Amino acid sequence: MPPAPAPLFRDPIFDGAADPTIIWNRAERAWWLFYTNRRANVDAWGFAWVHGTDIGIASSHDGGQSWVYRGIAEGLSYERGRNTYWAPEILWHDDRYHMYVSYVPGVPHEWTGPRHILHYTSNDLWSWEFRSRLELSSSKVIDACVFRMPSGRWRMWYKDEVHGSHTYAADSDDLYTWRVAGPVITDCAHEGPNVVAWQGHYWMVTDHWKGLGVYRSDDCERWVRQADLLDKPGSRADDAAFGHHADVLVQGDAAYLFYFTHPNEKRIDERTA
8 MPPAPAPLFR DPIFDGAADP TIIWNRAERA WWLFYTNRRA NVDAWGFAWV HGTDIGIASS
68 HDGGQSWVYR GIAEGLSYER GRNTYWAPEI LWHDDRYHMY VSYVPGVPHE WTGPRHILHY
128 TSNDLWSWEF RSRLELSSSK VIDACVFRMP SGRWRMWYKD EVHGSHTYAA DSDDLYTWRV
188 AGPVITDCAH EGPNVVAWQG HYWMVTDHWK GLGVYRSDDC ERWVRQADLL DKPGSRADDA
248 AFGHHADVLV QGDAAYLFYF THPNEKRIDE RTA
């Protein structure tokens, strides 16, 4: 995947693409980008524009050089009415795709209310079937990341807003039943943990709202803070701001960072992402 133009993608409906995650569509043989479809261009009360969101989809058939908006993930409706879906995490295992997505009931106009992580599965990345609402460490959890540990078990890292907005973890043997393992990253408030294996180490990237926090581990258990990334404005179009809520794609010796920005972040009313 060669370097691509900037901005990589802007949502053509609401202009608020955030919290990206990338997955290879095996049937279509293309990269698919899933994201929180923030309603940035809607005149809404308070922070309602960040809620009532679907999960958007874009695809690339040229190795990530160009992206086409495809629509929204289907079948996510968990409760009746208009509700909020954020920050999808998607992986392929045992001949199906798994999605872990953050869920907020309704369309709040403030950063309030319960938040949960929901599990879905799919055969084609379009249509999703609900599996469960995860019981984790509190009733305000978002931003799941799932990765297979060296032992073979699965671990989920997520943000727990009741416990200091720190990263907590839960473990599973089958991707369906999860056991809370406890706090993992507690040095500062943050969100959006993402874990990969790259060049002989494990790496975690988080969003602490002034750039990306980076941690390294030799065992995927004990993490050591490294220098931040994207903590200074870039020079490319729409990149003169902090980088937020990233996904990392490893391809051989290379690692690609997918993130979103608020192009005019210093403006108090900035919404575009």
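The sequence shown runs 8 to 280 under my numbering.
A virtual CB, placed ideally from N, CA and C, is assigned to each residue, including glycine.
Since the structure is predicted, the reported quantities are computational estimates derived from the model, not experimental observations.
Figure out for me which residue from S179, G171, T174, H173 has the closest Cα to the Cα of R162.
The residue with the shortest Cα to Cα distance from R162 is S179.
Who are C152's beta bridge partners in DSSP?
In DSSP, C152 forms a bridge with W164.
Could you pull out every unbroken beta strand (DSSP E) segment of at least 3 residues lying fully inside the region 74–114, listed in chain order?
Scanning the region 74–114 for uninterrupted beta strand (DSSP E) segments of 3 residues or longer gives 75–79, 91–100, 103–111, listed from N- to C-terminal end.
Cβ-based burial, V75 [other Cβ within 10 Å; buried from 16]:
When all chains shown are included, V75 counts as exposed.
Helix, strand or coil at V57 [DSSP, three-state]
Here DSSP, grouped into helix, strand and coil, assigns V57 to helix.
In chain order, which continuous runs of the beta strand (DSSP E) of length 3 or greater are located wholly inside the region 171–213?
Along the length of the region 171–213, whole beta strand (DSSP E) runs at least 3 residues long occupy 173–179, 186–192, 198–205, reported in chain order.
Let me know the beta strand (DSSP E) ranges lying completely inside the region 11–74, each 3 residues or longer, listed in chain order.
List check, beta strand (DSSP E) in window: 24–32, 37–44, 62–67.
Count the other CB atoms, across all protein chains shown, that sit within 10 Å of the CB of A65; report buried if there are 16 or more and exposed otherwise.
Label assigned to A65: buried.
Measure the Cβ-Cβ separation of L182 and H123 and say whether it is below 8 Å.
No, the pair does not count as a contact, with Cβ atoms beyond the cut-off.
Backbone CA spacing between D225 and G113 [nearest angstrom]:
For D225 and G113, the distance between alpha carbons rounds to 41 Å.
Since I believe D245 is in contact with A13 (beta carbons under 8 Å), could you give me their beta-carbon distance rounded to a whole number of angstroms?
Indeed they touch by this definition, with Cβ atoms about 7 Å apart.
Cβ pair E151, Y107 closer than 8 Å:
Reading off the sequence, residue 151 comes out as Ala, not Glu. Yes, the Cβ-Cβ distance between A151 and Y107 is below 8 Å.
Do I20 and T43 come within 8 Å of each other at the CB atom, strictly closer than that value?
The Cβ-Cβ distance between T43 and I20 does not fall below 8 Å.
Expressed to the nearest angstrom, what Euclidean distance is found between the alpha-carbon atoms of R155 and G120?
Counting only the Cα atoms, G120 lies some 31 Å from R155.
Who are the near neighbours of S145 in its chain, counting only those whose CB is closer than 8 Å to its CB and skipping five residues on each side?
Answer for S145: D167, E168, V169, H170, listed in chain order.
Opposing strand residues paired with V257 [DSSP bridges]
In DSSP, V257 forms a bridge with A262.
Report the three-state DSSP secondary structure of V249 (helix, strand or coil).
Residue 249 is actually Phe in this sequence, not Val. The answer is coil: DSSP assigns F249 none of H, G, I, E or B.
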